[in-house]
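Chains as they are written, first to last, in this note's numbering: chain A, 20 to 505; chain B, 19 to 219. Glycine included, each C-beta is placed from N, C-alpha and C at the ideal position. Data block below; observations after.
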Amino acid sequence: MRAPILPAPARLSQYGVDPTLVTKRAAQLPDITSVLLSDLFSDTPPLIYPGEKGLAAIREATIQALDRVDMSMIKPEHSVNICASHHGFTLLGGEPYAEMLKTLRDVIAERTGSQQIRLRAGVGLRFRETAEYIKSFGLDTHFGPRMAIGVAPIDAGIPIETEIGTLWGIKAIYDADWIVHAHNSDVREVHFHRQVDRAVKPFGMSYARIETRSTYHQNLGPRAANFTARCIFASDFVQSKFAFASFLDMSPAGIVGVDADNDLFALNDRLTLAGLKYYGKIMTLLGEIDECIAVLDFPCPVPYVFASGVIYANFIGANTDLFDLSAALPAYTWYTEAFYGKNGPLIDGIAPVNPAIKLAVHNYAWGGYPSAFFSEQIPTVVVGREQAEVMDRDSQNVEYMAHATIADGLDQAMRFAHTTARTDKVIIFDGAVGGINVSTSLAKELLARAPAIEARVNDILLPKWLRQRGIDPAQAGLPASALVSS
Amino acid sequence: MKHITLLATVHVDNCNGCTVCPKVCPTLAIQMVNHKAVVDEALCFACGNCEQRCESRAITMEKLDTPRHIGVAVDDLPREQVDQLCIKAGFHPSQIVCYCTATRAEEVAAAILKGAQSPEEISVRTGLRGGCSVECLQPALRLLEAAGITPTPVKGGWQWYGRTPTIQEIPEAVKAKYQNRGFYFDEDIKLFASVVQSDRR
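Written as structure tokens, this is what we have:
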């Protein structure tokens, strides 16, 4: 079996413990091995990063992608906001996304002559997070004094008239003549956006005010939520400012390339297909696991720690098909959580959280996102009192530790986990690049099951998922076998 | 209901008087006095917005010696009255409307029935918006509207700007235009209806 993949290092942030307190990573545990995505699925795409060229490959791919983009609308006297989101900085250490942002700035400046090119980086629910990234990746230096800032949904807003009425964006996102949408195609929150208009989502989320974000999560429903993003993007106001988009094209194994387009919906269709194809397989495979201990070990909030491109929030719901739009509610999404009454679900048909997860070990994860549902539904052991204190001090997680217990160290936590869960199968959500760190027993199981999953997704699920999103499988270049069986 | 363990504390020497913190406080707990931020301890429910948006890092969240609870009792109101208000706003009374504090619609309805006239007053009474302060705004505005109350945004503040559309209000023409792109409008309307009509608690 392969050696474990090095996990993403701990990161200094006000939302997590001091990295020096993260003394042992789950990948260092005995009996942990790794499985490469390319060993699981035959169609795993070739990567530009990680790779021999390092970050130079990102710069090169960004420049090439921008060659196909029209920037003639940007005049030398115009201002440009490159709009970014926190998520990109969590991928592969964050440097590739930062490099794409720096390259965007340089190419726009060179081709248009504009000297007013700013970075506006939106956040999730940790309002200082992108300010931390801007500093640590040197974006403040690259963009110049006061040109790179983090923006938050509680900052000053601006009304945006849409097809369904007034919604609100963050004023600082739109305070330039032109905006450039700089994002990535990692599917991430499938439980929220359901891979419908994935590429558009930041317009309803990290670029949006609280009124809009609350609309997404309270007013529109589990399968219509991301319409919030579409109708903002399609508004006359946003269209009058939108120049083009540039995306890191992701697969669960790493970065496939950079895609850029003046037509965001055309780019969205390309990314929708790739996301369903590549992430659909690994998610379906992880949903086949019958029992396991999940170890959270990554510098981000509990729901967003990830393994082979799958976030923990999606593993919690992996007993349901998150991409299947005929199912209203995944086992976890905020609408599902909302519909838990005082004595359980208010309606029939709400699946329990993934029963395969017998226990979660919270070795390293941040606060800054409401996560009490996770510790309430899954027995959880938190490693170290300092980490428990982070959760206790977090206004979004005051109840998290009410449902969790504390172990002094990772070894003690794992001993308790194995004894209690009675399984030797371990899956580690540590952001390992190119594959997944798991116990030997689980590695064997995944390798054995993967070929059948690959065939099922290609031939049955993918055509269905595409049709549900208005994409003709025949036009999407699927193999003949898929078209016959679908 | 919210369990409050922290208090926003201003370090006056670092405060540059920028006035951002009173604009982002959901309970109007901060005022500027002589160009310095001053926190009303009774109104602060420790969401942390001020601390996170303070550019000069003049605010820290300090542990309270004695944690406190805030919340509104529901049982001392006529059950029907509470339920009717929730249902009129499109919520099941037991539905969670704040994911950070697990506040249910019935508690917000009870706060309104007991006199809350704005999102800020709801927050002070229930703790709603006491976590991320982002996702639970619309339920507060929808429940106020269902009670016949039209609150006014705080003048000069960024606390909130207005109520936004619900899925039931999306025009048929808009639904028809996008229904083949993966948006399941009518199906999700039915889902909401089934939740609101549920007789479970």
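Residues of the segment 128-162 of chain A with a C-beta less than 7 Å from any C-beta of chain B: LEU144, PHE146 and ARG147, listed in chain order. Counted as a single uninterrupted DSSP element, the stretch harbouring A:MET90 is not any beta strand (DSSP E), since DSSP gives it neither H nor E. A:PRO320 carries a strand assignment under DSSP once its states are collapsed to helix, strand and coil. Those residues of the segment 479-494 of chain A placed with their C-beta closer than 8 Å to a C-beta in chain B are GLN487, ARG488 and GLY489, ordered along the chain. At a C-beta separation below 8 Å, B:SER151 has these neighbours in chain A: ILE173 and ILE229. Leaving aside the five residues that flank B:ALA64 on each side, the residues in its chain whose CB is nearer than 6 Å to its CB run, in chain order, ILE22 and LEU24. Counting the other Cβ atoms within 10 Å of the Cβ of B:THR84 gives fewer than 16, which makes it exposed. When DSSP reads this structure, A:THR185 sits in a beta bridge with A:GLU180. Residue nearest to B:GLN186 within the set B:VAL56, B:GLY108 and B:TYR117 is B:GLY108 (criterion: CA-CA distance). Between B:LEU159 and B:ARG143, the C-beta spacing is not below 8 Å.
Residue nearest to A:THR52 within the set A:LYS483, A:ILE447, A:LEU480 and A:ASP478 is A:ILE447 (criterion: CA-CA distance). For B:THR168, the closest C-alpha among the options B:THR45, B:SER136, B:ALA55 and B:LEU46 is that of B:SER136.
Three or more Cβ pairs closer than 8 Å define a contact, and the segment 455-469 of chain A meets that threshold against the segment 298-315 of chain A. The beta strand (DSSP E) runs of length 3 or more contained entirely in the segment 63-130 of chain B are, from start to end of the chain, 77-88 and 114-116. Rounded to whole angstroms, the Cβ separation of A:ALA201 and A:SER265 is 5 Å, and the two are in contact under 8 Å. One thing to note: A:ALA370 has its Cβ no nearer than 8 Å to the Cβ of A:THR399. When 9 Å is used as the limit between beta carbons, B:ALA194 is near no residue of chain A, the shortest such separation being about 12 Å. With a cutoff of 8 Å on beta-carbon distance, A:ILE168 and A:ALA191 are scored as near each other. As the crow flies, the alpha-carbon of A:LEU138 is around 14 Å from that of A:PHE108. Under the three-state reduction of DSSP output, B:VAL42 falls in the helix class.
Using beta-carbon distances, B:GLY148 counts as an interface residue toward chain A, with a partner under 8 Å. As the crow flies, the alpha-carbon of B:ASP217 is around 9 Å from that of A:ILE366.
Using beta-carbon distances, A:LYS361 counts as an interface residue toward chain B, with a partner under 8 Å. Apart from the 5 residues on each side of it in sequence, A:ALA175 sits with its Cβ closer than 8 Å to the Cβ of ILE189, LYS190 and ALA191 in its chain, given in chain order. Within the segment 74-151 of chain A, the complete beta strand (DSSP E) segments at least 3 residues long are 98-104 and 135-141, listed from N- to C-terminus.
Taking a C-beta distance under 8 Å as the contact criterion, A:ALA440 and A:LEU378 qualify as a contact pair. By DSSP's assignment, A:THR247 forms no beta bridge with any residue. Look at A:ALA175 here: in three-state DSSP terms it is coil, with no helix or strand label. Two segments are said to touch when three or more pairs of C-beta atoms, one from each, lie closer than 8 Å; by this definition the segment 285-293 of chain A does not touch the segment 224-241 of chain A. Rounded to whole angstroms, the separation of the alpha carbons of A:GLN487 and A:PRO241 is 15 Å. In the three-state reduction of the DSSP assignment, A:GLY223 falls in the helix class, which pools H, G and I. Inter-residue distance for A:ASP280 and A:LEU85 is about 8 Å (C-alpha atoms, whole angstroms).
The beta-carbon of B:PRO40 is placed no less than 8 Å from the nearest beta-carbon of chain A. Taking C-beta separations shorter than 6 Å and ignoring five residues to either side along the sequence, the partners of B:HIS29 in its chain run ALA76, following chain order. Straight-line spacing of the CA atoms in B:ALA191 and A:VAL275 works out to 39 Å. Take the alpha-carbon of A:GLU310 and the one of A:PRO374: they are about 8 Å apart.
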